[in-house]
Amino acid sequence: MQGVTLTAAPDVIELPALALVLLVGVPGSGRAAFARHFTPEEVFDARAFPDADALRVAVAARLAAGELAVVIAPAVRPLDRAPWSALAREHDVKAVAVLLDEDRAVLEARAGGSLSREELIAQVSELRRTAGGLRAEGFRQAWHLRGEQIGRVSVRRVPLRVDRRDLSGPFDLIGDVHGCLEELRDLLSRLGYVTDGESVTPPAGRTAVFLGDLTDRGPDSAGVLRLVMGMVASGAALCVTGNHDEKLLRALSGKAVKALHGLDVTLAELQAAGPAFQAQVQAFLEGLPAHLVLDGGRLIAAHGGLPAHLHGRGSGRARSFALYGDTTGERDELGLPVRRDWAAGYAGAPLVAYGHTPHASPRWVGNTVNLDTGCAFGGALTALRYPERETLSVPARAVYAPPPRPLPPGQPPQA
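Using the working numbering, the first residue of the sequence shown is number 23, and each one after it goes up by one.
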C-alpha cells in the first residue's frame, strides 16, 4: 500500500490491519473523536500515561503481540513523530500517519484557553509546514484530512498480503520444485490431485501450498510455472516467493542480475515462450507474498523459514528472512552464503514449513520442517500433509544439476 497525502475528500481511508497509526494534530483537532474508528484496547492516549516511556512500553507490547496500535500523542513536529516511526520499524510494522487539519477558528473555539492564540497559530503553522515530509520521516502511508473531511471519513482495515489466517486447509505444502515438472506431476498424483494437461483438480477441500523456488536447475522451469500459475489462478494452490523466483523477477523487470545456478536456462525457456508468457510470469511473481500465515496463525509457510517475531509482518526485514534465511553476509569456501540454523532456536507455537536449504530427507527441528529434499540435485520432491503432519516424497528422475556438496541428512520428527 503506497503512502499518499490526500487533498480531496475521501469516503474511506484504508489502513493496514497491522500497523502503528499515529493520529497527528494540534490540541482541539479531534484526535480523540477520530479514535472512535478503533476499539478502546487499540487506542493509546498520551494523557492516560504518566510519561512518554510508559506510553512507549505499552504500545510496544501491543505491536509485539501482532496487534494494531493507535497513538494519540504530541506530534506537531518531525522530532515528536520520529520515535513512533522508529518504534514501528523496530517491530516490523508499517508506520501510518493520519493528519487531522482542522480550521483555525474551530481550534480556537475548542482550545478553551489551554493554548494561547500565538501558541496555537505556531503549532498549526509547523504542522502544515512539515506535513509534506511524512513519507520521508518513515511513515509508509499518510492521510491528510481537512475540516469537514475529518468527521465524514470512515476507516477500512486491509489485511496484509501475508495474512491468510482465514484459510484453514487442509493443505499440501510442497518444497522447492526447481523446474522438475515431471516430479511435480508425480507428487501431485500421489497426493490425489488429478492433472489434465495444465489443469489440476485437487482432492476435495485440499489446497497445495508451494514454498518457492519454482524455477532453475531442473529441465522445465517454464512448464512448472505454467502448472503452478494455473493452480493458483483456479484456487487449487497458494504460493510464496523464493530467492530464485525473486531473482527471476528482477531479470524480467530489466534489472541487472547474474544468470547463474540455472537462471540462464530459465530465461532462455521464457524467451522461447514469447513476450505474452513472460508478462504473465512477471505479473504472477510480483503478486506472490513473501510468506503466508495460515489456519488461524497455526501454520507459517516461508521459503527460507521465519522466526516467531516476524510472523505476519510485511517489513523488508521479514521479507528478506523469508526469502534468504538467516544469512551472516559471509560466503563459504564454495562461494555459497553462510546461513545460521534459525530452526534450532525456534520456540514459536505455529508450525513453520519451509525449504531453501536442501537435505537428503525432510528435516524436523522442534516445530519446524524443511521440505527441500534436493529434487534437482537427484534427491526427491517432498510435500507435507497438514494438519496430518505426514510427509510424502517422490524420487527425482535424474540428477539435473550437480549438488555443490553432498546433501546433509534430514531429521525425523521428535516423538
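All C-beta atoms in this analysis are idealised placements derived from N, C-alpha and C, irrespective of residue type, glycine included.
Beta-carbon gap between THR390 and VAL374 smaller than 8 angstroms: Position 368 of the sequence shown, counted from the first residue, corresponds to residue 390. Position 352 of the sequence shown, counted from the first residue, corresponds to residue 374. Taking 8 angstroms as the Cβ cut-off, THR390 and VAL374 qualify as a contacting pair.
SER138, buried or exposed, once every other Cβ within 10 Å from all chains shown has been counted against 16: For the purposes of this step, residue 138 is identified with residue 116 of the sequence shown, where counting begins at 1. SER138 comes out exposed.
Are the CB atoms of HIS313 and ILE322 within a distance shorter than 8 angstroms? As a working note, residue 322 is residue 300 in the sequence shown. As a working note, residue 313 is residue 291 in the sequence shown. Yes, these two residues count as a Cβ contact at 8 angstroms.
Three-state class that DSSP yields for ASP67 in the structure shown: Here the question's residue 67 lines up with position 45 in the sequence shown. Reduced to three states, the DSSP call for ASP67 is strand.
Given that a residue counts as buried once 16 or more other Cβ atoms are within 10 Å of its Cβ, and exposed if not, what is PRO372? For the purposes of this step, residue 372 is taken as the residue at position 350 of the sequence shown. Buried.
From what residue to what residue does the beta strand (DSSP E) around THR349 run? Against the sequence shown, residue 349 aligns to sequence position 327. Counting along the chain, the beta strand (DSSP E) containing THR349 begins and ends at 349–353.
Status (buried if at least 16 other CB within 10 Å, exposed otherwise) for VAL180: Residue numbering aside, residue 180 sits at position 158 when the sequence shown is read from its first letter. Counting Cβ neighbours within 10 Å, VAL180 comes out exposed, since fewer than 16 surround it.
Residue span of the alpha helix (DSSP H) that contains ALA244, given as start and end: By one-based count along the sequence shown, residue 244 stands at place 222. Where ALA244 is concerned, the enclosing alpha helix (DSSP H) stretches over 243–256.
Our contact map puts LEU44 next to LEU122 with C-beta atoms below 8 angstroms; I'd like the distance itself, whole angstroms only. Taking the sequence shown and counting its residues from 1, the one referred to as residue 44 is at position 22. Taking the sequence shown and counting its residues from 1, the one referred to as residue 122 is at position 100. So it is not a contact: roughly 11 angstroms between Cβ atoms.
Tell me whether ALA127 is buried or exposed, calling it buried when 16 or more other Cβ atoms sit within 10 Å of its Cβ. Numbered from its first residue, the sequence shown carries residue 127 at position 105. Counting Cβ neighbours within 10 Å, ALA127 comes out exposed, since fewer than 16 surround it.
Tell me the DSSP bridge mates of CYS261? Position 239 of the sequence shown, counted from the first residue, corresponds to residue 261. In DSSP, CYS261 forms a bridge with PHE232.
Could you tell me whether the Cβ of ARG178 comes closer than 8 angstroms to any Cβ of chain C? You won't find chain C in this structure, because it holds only one protein chain.
ALA402 and ARG239 - do their beta-carbons sit closer together than 8 angstroms? Within the sequence shown, numbered from 1, the residue matching residue 239 stands at position 217. Within the sequence shown, numbered from 1, the residue matching residue 402 stands at position 380. In this structure, ALA402 does not lie closer than 8 angstroms to ARG239 by Cβ.
Who does LEU1 pair with in a DSSP beta bridge? For residue 1 there is no data in the structure shown, the boundaries of the chain being 23 and 437.
Using the C-alpha atoms, what's the distance from GLY47 back to LEU274? Here the question's residue 274 lines up with position 252 in the sequence shown. Here the question's residue 47 lines up with position 25 in the sequence shown. Rounded to whole angstroms, LEU274 to GLY47 spans 44 angstroms at the Cα level.
ALA68 and HIS113 look like a contact to me (Cβ under 8 angstroms); what is the Cβ gap, rounded to whole Å? Translated into the one-based positions of the sequence shown, residue 68 becomes position 46. Translated into the one-based positions of the sequence shown, residue 113 becomes position 91. Contact flag wrong, Cβ pair sits at about 19 angstroms.
Measure the beta-carbon distance from ARG362 to THR350 and round it to whole angstroms, keeping in mind my assumption that it falls under 8 angstroms. Residue mapping note: residue 362 aligns to position 340 of the sequence shown, counting from 1. Residue mapping note: residue 350 aligns to position 328 of the sequence shown, counting from 1. Yes, ARG362 and THR350 are in contact; Cβ-Cβ is about 6 angstroms, under 8 angstroms.
Bounding residues of the beta strand (DSSP E) (the contiguous stretch that carries ASP194): Taking the first residue of the sequence shown as 1, we reach residue 194 at position 172. First-last of the beta strand (DSSP E) with ASP194: 193–196.
Are the CB atoms of MET251 and GLN300 within a distance shorter than 8 angstroms? Stepping through the sequence shown from its first residue, residue 300 is reached at position 278. Stepping through the sequence shown from its first residue, residue 251 is reached at position 229. Result no, Cβ atoms of GLN300 and MET251 do not sit closer than 8 angstroms.
For LEU40 and LEU90, believed in contact at Cβ under 8 angstroms, the rounded distance: Within the sequence shown, residue 90 is the residue found at index 68, counting from 1. Within the sequence shown, residue 40 is the residue found at index 18, counting from 1. Contact flag correct, Cβ pair sits at about 6 angstroms.
Rounded straight-line distance, which links the Cα of LEU42 to that of GLU140: Here residue 140 refers to the residue found at position 118 when the sequence shown is read from its first residue. Here residue 42 refers to the residue found at position 20 when the sequence shown is read from its first residue. Cα-Cα distance, rounded: 31 angstroms.
I'd like to know whether the C-beta atoms of LEU203 and THR263 end up nearer to each other than 8 angstroms. The residue given as residue 203 occupies position 181 in the sequence shown. The residue given as residue 263 occupies position 241 in the sequence shown. Result no, Cβ atoms of LEU203 and THR263 do not sit closer than 8 angstroms.
Threshold first: 4 residues or longer. Then list the alpha helix (DSSP H) segments lying entirely within the segment 97–161, N to C. 100–112, 126–133, 139–152
Could you pull the start and end residues of the beta strand (DSSP E) that TYR346 belongs to? Locating residue 346 in the sequence shown gives position 324, counting from the first residue. Note, TYR346: premise wrong, no beta strand (DSSP E); alpha helix (DSSP H) at 338–346.
CA nearest to the CA of PRO394, picked from ALA70, LEU236, ARG212, GLY367: Within the sequence shown, the letter at position 372 stands for residue 394. Pro is not the amino acid found at residue 394; the sequence shown has Asp there. Ranking the options by Cα distance to ASP394, first place goes to LEU236.
With DSSP run on the structure shown, which of helix, strand or coil describes VAL315? One-based indexing of the sequence shown puts residue 315 at position 293. Reduced to three states, the DSSP call for VAL315 is strand.
Per-residue burial, HIS325 [other beta carbons within 10 Å of its own, 16 or more giving buried]: Translated into positions along the sequence shown, residue 325 becomes position 303. Per the 10 Å Cβ criterion, buried.
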